[in-house]
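Peer 1: Those letters in the sequence shown? Residues 149 to 520, by my numbering.
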Amino acid sequence: MTTHVTIIGAGLGGLTLARVLHVHGIPATVYEAEASPMARMQGGMLDIHDYNGQLALEEADLLEEFRAIVLPGRQATRVLAPDGTVLLDNPDDGTGRRPEVQRGELRQILLDSLPAGTVRWGHKVTGVRGLGEGRHEVVLADGGTVVTGLLVGADGAWSRVRPLLSDATPEYFGRTFVETYLYDAETRHPAAAKAVGGGSLFVFDKGTSRQWIAAHRESGETLHAYMTLARPLEWFDGIDFTDAAAATARIAAEFEGWAPEITALITDSDTAPVLRPLNSLPIGHRWERLPGVTLVGDAAHLAPPDGEGANLAMQDGAELALAIAAYPDDIERALTAYEEALFPRSATAAAEAVATNEAIGTDPFAFFDQEG
Ligand SMILES: Cc1cc2nc3c(=O)[nH]c(=O)nc-3n(C[C@H](O)[C@H](O)[C@H](O)COP(=O)(O)OP(=O)(O)OC[C@H]3O[C@@H](n4cnc5c(N)ncnc54)[C@H](O)[C@@H]3O)c2cc1C
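Rendered as structure tokens:
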């Protein structure tokens, strides 16, 4: 009989796992490196899909809470050419299957749904080792250890649990986001606010995949933008990101000639530009079954962003919990059932994520055909 599940990482994957386990009466402890839920800005809007993320929330019995945090109107989509010409302008008619929420609010719903003490904040895992017979020892940064009969790595891209199962490590995908925020956009950045519209904006230079821009209207009239640049890491090494003004000017120079209401997303940022290199695991990453341990989310299948990663992490968490609940007396059977579905699902998703990212630039509208 399963007594306790040890989860590393309180991201959306680990928390969905803990919550669905709780719904089925199975206790879990989540060890999280961050000191508190507020330790890091959980920026970003996520569209939660009716074919994966929302199904996970249904299993978590949290659909009502989810609906209460949906940001109305945010499924609107605009596509502009670099000179500001409107190529696509789809309003949010309320019938979309991908409602948008703030990541931090979604995480909070999950946190609020767990028994007090489930998440151990400020517990960074530094290593794990097998003890045999499906048991593992988790080593924490403060020197403490935890011994567990069921260990789940939900600790994201740079998972400390993954090395138990696989030699794979994330590699640079050849593209980097430069992230900016513009606050109180309607009053302080009206031209950029108009360009972004009510939901998401994409600006592509058709025929070149060297750079493009995505921006979202988040809650509180915040514009959140990602400048994507296809450059080697060494190119970014030549920019001093500790000097916000110089880094802004250098990134803006890559978009020279683009309409000012678009480049304002860089030049008028209220925050220093943040560099986010995109990494991915090999497509089809998998491992041989090892008793007592498995992975969910980015730890298992990190892929370039295409709007699926958080949804997949939640789906993994829910499905693993359901498998454990289905075979509470046979953990190996539960983990086998989970991984047999996980591997083909995540291989397909990773291949699609790579294809979508590669299509942008050559045929940006392929992305919207898929997105619907
Ligand atoms: C810029 C960007 C934009 C994105 N936009 C979208 C989007 O719009 N839609 C979408 O679906 N996906 C999006 N994604 C992908 C999505 O963010 C991830 O796929 C998703 O967060 C994965 O969830 P996870 O729970 O597996 O991992 P994570 O969210 O990475 O959570 C892992 C948790 O583990 C903790 N942790 C890490 N190491 C340790 C350790 N050693 N010890 C203890 N705890 C540890 C971390 O602090 C973190 O809380 C985006 C990704 C990026 C980079």
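Cβ atoms here follow ideal geometry from the backbone N, Cα and C, with glycine treated the same way.
As the structure is a prediction and not an experimental result, all values here were calculated from the model.
Does the segment 310-321 come close enough to the segment 471-479 to have 3 or more Cβ pairs within less than 8 Å?
Peer 2: Touching, no, given that fewer than three Cβ pairs across the two stretches are closer than 8 Å.
Peer 1: How about D198: is its Cβ closer than 7 Å to a heavy atom in ligand 1?
Peer 2: The answer is no for D198.
Peer 1: Among L163, V441, S494, G301, which residue has its Cα nearest to the Cα of L259?
Peer 2: Checked all of L163, V441, S494, G301; the closest Cα to L259 is L163.
Peer 1: Whole angstroms is fine: what's the gap from L254's alpha carbon to D416's?
Peer 2: Cα-Cα distance, rounded: 29 Å.
Peer 1: According to DSSP, is A373 helix, strand or coil?
Peer 2: DSSP places A373 in strand when its eight states are reduced to three.
Peer 1: Pick out whichever of A305, P311, T396 has its Cα sitting closest to the Cα of H284.
Peer 2: Cα-wise, what sits closest to H284 is P311.
Peer 1: Kindly indicate the opening and closing residues of the alpha helix (DSSP H) around M462.
Peer 2: Residues 457-474.
Peer 1: Is the beta carbon of L160 closer than 8 Å to that of A458?
Peer 2: Yes, the pair counts as a contact, with Cβ atoms nearer than the cut-off.
Peer 1: Have a look at E487, V344, E382, F325 and flag the residue whose alpha-carbon is nearest the alpha-carbon of G453.
Peer 2: First, the residue type needs correcting, since residue 453 is Pro and not Gly in the sequence shown. Selected option, being the one with the closest Cα: F325.
Peer 1: Tell me the rounded alpha-carbon separation between V422 and A397.
Peer 2: In a straight line, the C-alpha of V422 is about 13 Å away from that of A397.
Peer 1: Quick check on A264 - is its C-beta less than 8 Å from some C-beta in chain D?
Peer 2: Among the chains in the structure shown there is no chain D, since it carries only a single protein chain.
Peer 1: Take every Cβ of the segment 208-221, pair it with every Cβ of the segment 332-341, and state whether three or more of those distances are shorter than 8 Å.
Peer 2: Contact fails: fewer than three Cβ-Cβ distances are below 8 Å.
Peer 1: In its own chain, which residues sit with a C-beta less than 7 Å from the C-beta of A305, not counting the 5 before and 5 after it?
Peer 2: Contacts found: P318, N427, D446, L450.
Peer 1: Going by DSSP, what residue range makes up the alpha helix (DSSP H) through A181?
Peer 2: Note, A181: premise wrong, no alpha helix (DSSP H); not H, not E.
Peer 1: Does ligand 1 have even one heavy atom less than 7 Å from the beta-carbon of L194?
Peer 2: At least one heavy atom of ligand 1 is nearer than 7 Å to the Cβ of L194, so yes.
Peer 1: Confirm the yes/no value for this check: CB of D446, any heavy atom of ligand 1, distance under 7 Å.
Peer 2: Checking the Cβ of D446 against ligand 1 gives yes.
Peer 1: Which two residues bound the contiguous beta strand (DSSP E) that contains E319?
Peer 2: Segment 319-330, the beta strand (DSSP E) holding E319.
Peer 1: For D240, which three-state DSSP category applies?
Peer 2: If DSSP states are grouped into helix, strand and coil, D240 belongs with coil.
Peer 1: Three or more C-beta pairs under 8 Å: does that hold for the segment 427-436 against the segment 486-505?
Peer 2: At 8 Å Cβ cutoff, the stretches touch.
Peer 1: On the three-pair Cβ rule with 8 Å, is the segment 260-269 touching the segment 168-183?
Peer 2: Taking 8 Å as the limit for Cβ pairs, the verdict is that the segment 168-183 does touch the segment 260-269.
Peer 1: Cβ of N459 within 7 Å of any heavy atom in ligand 1?
Peer 2: For ligand 1, at least one heavy atom lies less than 7 Å from the Cβ of N459.
Peer 1: Name the residue from A392, Q359, G244 whose alpha carbon lies nearest to the alpha carbon of T225.
Peer 2: With distances taken between Cα atoms, T225 lies closest to G244.
Peer 1: Could you tell me which of S307, D303, E281, G275 sits nearest to V294, measuring between CA atoms?
Peer 2: Comparing Cα-Cα distances from V294 to each of S307, D303, E281, G275, the minimum goes to G275.
Peer 1: Can you tell which of A392, A393, W360, D385 has the C-alpha that lies nearest to the C-alpha of E404?
Peer 2: The residue with the shortest Cα to Cα distance from E404 is W360.
Peer 1: Cβ-heavy atom distance between E467 and ligand 1 below 7 Å?
Peer 2: No, since every heavy atom of ligand 1 falls outside the 7 Å radius drawn around the Cβ of E467.
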